[in-house]
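Chains as they are written, first to last, in UniProt numbering: chain F, 1 to 83; chain R, 1 to 170.
Shown next, in the form of structure tokens:
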């Protein structure tokens, strides 16, 4: 960390001007906006989970019904019966 | 479940309000310096700060010991960097003669006294660049101040950084 130069100190003093008055209800407005963002985020996350659960459910039902791991009966070779 | 959530929300609201009461003055000053507005007419600074504070509110339960002031300042800086590139016009203020990037460097480095490395990381610039911009802006501000010691409305003709950036005297 280098020592601040004389000009830097001068600029620092320039920046410490009269502070702006705090607008009334700033905290409430920010909190309300934050709460809205939180709510929206919660809704998005909730619907995401719902979608995921629905997809898993549909997939499971489809697996149970279609049983895609079963080999389909061979169609290319005719069954040999008479040896 | 909803009872717990509302208790949590109550606590969050209380803590958040206490934080804003303590920090708003300094943060609003920083925002007003950034937007180069005057302390009495700073709608853009107020909007910037409200948005940054709202983001801090969202993250309040997940701060995990991180300083909310630092978090808000970071949000303020990134938000300002995101929206300011298309706005060059300024309405006065101490830093009106600087570009938005120079203002951000000056406010972070000299007003908020954020370390050079952190400023560079926050702005996505190399440390060298931050140092250069800071030195150039300081020289420009001092030069303007010397040529206009009354401290009236600062407005350079070109709007660019001052040419004479040599250190004065021994």
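By construction, the Cβ of each residue, glycine as well, lies at the ideal position given by its N, Cα and C atoms.
Taking C-alpha positions only, residue 13 (chain R) is separated from residue 17 (chain F) by approximately 31 angstroms. Annotated three-state conformation of residue 132 (chain R) is helix, per DSSP. Here the alpha carbons of residue 43 (chain F) and residue 36 (chain R) stand approximately 38 angstroms from one another. The secondary-structure analysis by DSSP pairs residue 41 (chain R) across a beta bridge with R:38. When Cβ pairs closer than 8 angstroms are counted between the two stretches, the stretch 114-129 of chain R is seen not to touch the stretch 42-52 of chain R, the count staying below three.
Within the same chain, and ignoring the five residues on either side of residue 39 (chain R) in sequence, the residues whose Cβ sits closer than 7 angstroms to its Cβ are 32. With a cut-off of 8 angstroms on Cβ pairs, the stretch 17-28 of chain R is in contact with the stretch 6-24 of chain F, counting three or more such pairs. Interface flag for residue 97 (chain R) against chain F is unset, since no Cβ pair is found closer than 8 angstroms.
Ranked by Cα distance from residue 7 (chain R), the first of R:42, R:65, R:61 is R:61. One finds 11, 14 in chain F with Cβ atoms closer than 7 angstroms to the Cβ of residue 141 (chain R), taken in chain order. Counting the other CB atoms within 10 Å of its CB gives residue 58 (chain F) a total below 16, which places it among the exposed residues.
Cα atoms of residue 15 (chain F) and residue 94 (chain R): separation of roughly 7 angstroms, rounded to the nearest angstrom. Contact annotation: the stretch 2-12 of chain F touches the stretch 105-112 of chain R, with at least three C-beta pairs closer than 8 angstroms. If you compare the alpha carbons of R:145, R:116, R:142, R:19 with that of residue 131 (chain R), the shortest gap goes to R:116. A direct Cα-Cα distance of roughly 12 angstroms separates residue 5 (chain R) from residue 39 (chain F). In this structure residue 23 (chain R) is in contact with residue 69 (chain R), their Cβ atoms being roughly 5 angstroms apart against a cut-off of 8 angstroms. In the three-state reduction of the DSSP assignment, residue 24 (chain F) falls in the coil class, being assigned neither a helical nor a strand state.
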